[in-house]
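Under my numbering, residue 325 is the last one in the sequence shown; the count climbs by one each step, no gaps.
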Amino acid sequence: MKKYQGVFPAFYACYDENGNICTETVEKYTKWLIEKGVDGIYVCGSSGECIYQSMAERKLILEHAVKAAEGKLTIIAHVACNNTKDSMELAAHAEKLGVDAIAAIPPIYFKLPPHAIAKYWNDISSAAPNTDFIIYNIPQLAGVELTVPLLNTMLENPKVIGVKNSSMPTYDIQKFKDAAQRKGRDFVVYNGPDEQFISGRIIGADGGIGGTYSAMPELFVKLNRLLLDKDWQAAQALQNDINGIISVLVSGKCNMYALIKAVLKKRTGIDMHGVREPLFQLTQEDLPLVEQACELIEAAIKKYGA
Numbered sequence: 020m021k022k023y024q025g026v027f028p029a030f031y032a033c034y035d036e037n038g039n040i041c042t043e044t045v046e047k048y049t050k051w052l053i054e055k056g057v058d059g060i061y062v063c064g065s066s067g068e069c070i071y072q073s074m075a076e077r078k079l080i081l082e083h084a085v086k087a088a089e090g091k092l093t094i095i096a097h098v099a100c101n102n103t104k105d106s107m108e109l110a111a112h113a114e115k116l117g118v119d120a121i122a123a124i125p126p127i128y129f130k131l132p133p134h135a136i137a138k139y140w141n142d143i144s145s146a147a148p149n150t151d152f153i154i155y156n157i158p159q160l161a162g163v164e165l166t167v168p169l170l171n172t173m174l175e176n177p178k179v180i181g182v183k184n185s186s187m188p189t190y191d192i193q194k195f196k197d198a199a200q201r202k203g204r205d206f207v208v209y210n211g212p213d214e215q216f217i218s219g220r221i222i223g224a225d226g227g228i229g230g231t232y233s234a235m236p237e238l239f240v241k242l243n244r245l246l247l248d249k250d251w252q253a254a255q256a257l258q259n260d261i262n263g264i265i266s267v268l269v270s271g272k273c274n275m276y277a278l279i280k281a282v283l284k285k286r287t288g289i290d291m292h293g294v295r296e297p298l299f300q301l302t303q304e305d306l307p308l309v310e311q312a313c314e315l316i317e318a319a320i321k322k323y324g325a
């Protein structure tokens, strides 16, 4: 399970000037993340704007991320759609590409009972029978919470090897790890809330998957290293500085991903051309925040030798 440990940026959607998927940018972005030393990527999840994309677009993004990674990254493909049939098709496609794992949120909008959610996840897993499956728990957006009884049901599927946990209580990470351990299972849990990276890791998370990692991958890679080295004081200081940066990234009039993409363009020259509406685009009044975030990131990189 070592390949599932560490820092996994949630991969952003890459568009051209007309709002179509830009495969060249997908590949440039993937290679840049490799250069920054991340351990893997989480493709076509929330940060990837998946619910606003067609199946064909999601397949295209994953194909070019896998191509550019050249086996140098662990790749987790989020394949959930709001119906089982399309989710299974994306799962089968991901397996053909050779991803390490697939992941899925529960179905959204209709509030389904636990047995229906379990069937949905198991049906998706059955479409990629040779690929690991990771549950994505994000109750604040999906409207459905992963409970220990539901997890125990899912643990009957041997391909279920982990949870991407984006609920706010870090205690959930410990609960999920304990549930798997009681069944004698090797199991990974990812910390989701970026502001709580060190809290999640210390309580038992094997790594993190986060939406702000791409804006500052150097800092999260360094933060993870400080934890591995048990340098708690430096880790706390760096987490505090990262949280200051995140506060800037979420304070715009625009959607956070639009601001982060502008930060990435300034830092790397990679232009992802904003977000897909109805997500709100970068505005003129957001530009000072882009400058401020870049300055804070570069200062922290220098401060911590990241």
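Ideal placement from N, C-alpha and C gives every residue a C-beta, glycine not left out. Predicted, not measured: the structure shown is a model, and the values here were computed from it.
DSSP bridge partner residues for residue i (one or two, in chain order)
i, result
"residue 93", "59"
"residue 183", "155, 209"
"residue 28", "229"
"residue 34", "40"
"residue 121", "96, 152"
Nonlocal neighbours in the same chain, by C-beta distance under 7 Å from residue i, ignoring five residues either side
i, result
"residue 94", "59, 60, 62, 84, 85, 88, 118, 119"
"residue 79", "40, 42"
"residue 108", "74"
"residue 47", "289"
"residue 130", "162, 163"
"residue 151", "119, 120, 178, 180"
"residue 16", "Outside the shown range of the chain, which is 20 to 325, sits residue 16, and nothing can be said about it."
"residue 195", "170, 182, 184, 208"
"residue 265", "213, 214, 231"
"residue 282", "234, 309, 312, 313"
"residue 77", "63, 69, 109"
"residue 145", "none"
"residue 262", "214"
"residue 35", "41, 292"
Beta-carbon proximity list for residue i, same chain, < 8 Å, skipping 5 on both sides
i, result
"residue 24", "58, 207, 225, 226"
"residue 92", "49, 52, 53, 57, 58, 59, 60"
"residue 171", "198, 202"
"residue 248", "none"
"residue 149", "114"
"residue 236", "26, 28, 52, 55, 56, 57"
"residue 284", "290, 291"
"residue 133", "166, 168, 169, 172"
"residue 246", "217, 220, 221, 254"
"residue 277", "271, 293, 294, 298, 299, 300, 301, 305"
Cut-off 6 Å between Cβ atoms - residues of its own chain near residue i, not counting five sequence neighbours on either side
i, result
"residue 106", "98, 99, 100, 143"
"residue 319", "238, 260"
"residue 311", "267"
"residue 329", "In the structure as shown, the chain begins at 20 and stops at 325. Residue 329 is therefore absent and cannot be evaluated."
"residue 5", "A question about residue 5 goes unanswered here, because the residues of the chain that appear run from 20 up to 325."
"residue 323", "241, 257"
"residue 136", "125"
Contact belief for residue i with residue j at Cβ below 8 Å, rounded distance in angstroms
i, j, result
"residue 214", "residue 186", "That belief does not hold up - the Cβ atoms of residue 214 and residue 186 are roughly 13 Å apart, past 8 Å."
"residue 325", "residue 269", "About 21 Å; that fails the 8 Å criterion."
"residue 157", "residue 124", "6 Å"
"residue 254", "residue 217", "5 Å"
"residue 15", "residue 271", "Within the shown structure, residues of the chain are numbered from 20 to 325, placing residue 15 beyond reach of any answer."
"residue 211", "residue 183", "6 Å"
"residue 147", "residue 110", "4 Å"
"residue 20", "residue 250", "Residue 20 to residue 250, Cβ: 24 Å. No contact."
"residue 300", "residue 273", "6 Å"
"residue 139", "residue 103", "6 Å"
"residue 65", "residue 160", "7 Å"
Chain C within 7 Å of residue i, Cβ atoms only
i, result
"residue 43", "Checking the listed chains, one finds no chain C in this structure; it contains a single protein chain."
Near the ligand FAD: residue i beta-carbon under 6 Å from a heavy atom
i, result
"residue 29", "Questions concerning the ligand FAD fall outside what the structure shown contains, since it holds no ligand whatsoever."
Contact between the region 25 to 34 and the region 187 to 202 (3+ Cβ pairs under 8 Å): They do not touch, by the three-pair rule.
Validate contact between the region 247 to 261 and the region 281 to 301 using beta carbons, cut 8 Å, 3 pairs: Cβ pair count under 8 Å is below three, so no.
Runs of alpha helix (DSSP H) wholly within the region 230 to 315 (minimum 4 residues, chain order): Within the region 230 to 315, the complete alpha helix (DSSP H) segments of 4 residues or longer fall at 236 to 247, 251 to 268, 275 to 287, listed in chain order.
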